Amino acid sequence: MEITVKMHSLDRRTRIWIQNEAQRTGASVEEIIERLIQRGIAIERQAVRTQRYHDLDSLAGTWSTEDADTFRAAIADFGQIDPALWR
């Protein structure tokens, strides 16, 4: 799918940078803008993948030693592999 985009009111420094980059690389202005958009999308995707959540921060450190020991005992079997299940 092809999309046509018109850009209005780019600041002078941005226009000059894009034009200089096009001349420097031998690419068209459109190619430079496409590369910038692709880089921006890649950065945004990476930011989503590495986003940290803090909604459970208030719970951190609230368990007593006894609570932690009880939890560890309850999940101890999770680390065991039952060979019968893999046949």
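Heads up, the sequence shown is in numbering that gives the first Met the number 0, so the first residue is 0 and it goes up one at a time. Just so it is clear, CB atoms sit at the ideal spot from N, CA and C, and this is done for glycine as well. The model shown is predicted, which means the values in this text are computed figures rather than measured ones.
Inset, instruction - Less than 8 Å between the CB atoms is what I'm expecting for Val-32 and Ile-17, so what's the real figure, rounded? - result: Looking at the sequence itself, residue 32 is Ile, so the reference to Val does not match. That belief holds up - the Cβ atoms of Ile-32 and Ile-17 are roughly 7 Å apart, short of 8 Å.
Inset, instruction - Could you pull out every residue in the same chain whose Cβ sits closer than 6 Å to the Cβ of Glu-43, ignoring the five residues on either side in sequence? - result: Same-chain partners within the cutoff: there are none.
Inset, instruction - In angstroms with no decimal places, state the Cα-to-Cα distance between Thr-24 and Arg-14. - result: Within the model, the alpha-carbon separation for Thr-24 versus Arg-14 is close to 15 Å.
Legend entry - Rounded separation between Ala-26 and Trp-62 - CA only: Between the C-alpha atoms of Ala-26 and Trp-62 there is a straight-line separation of about 59 Å.
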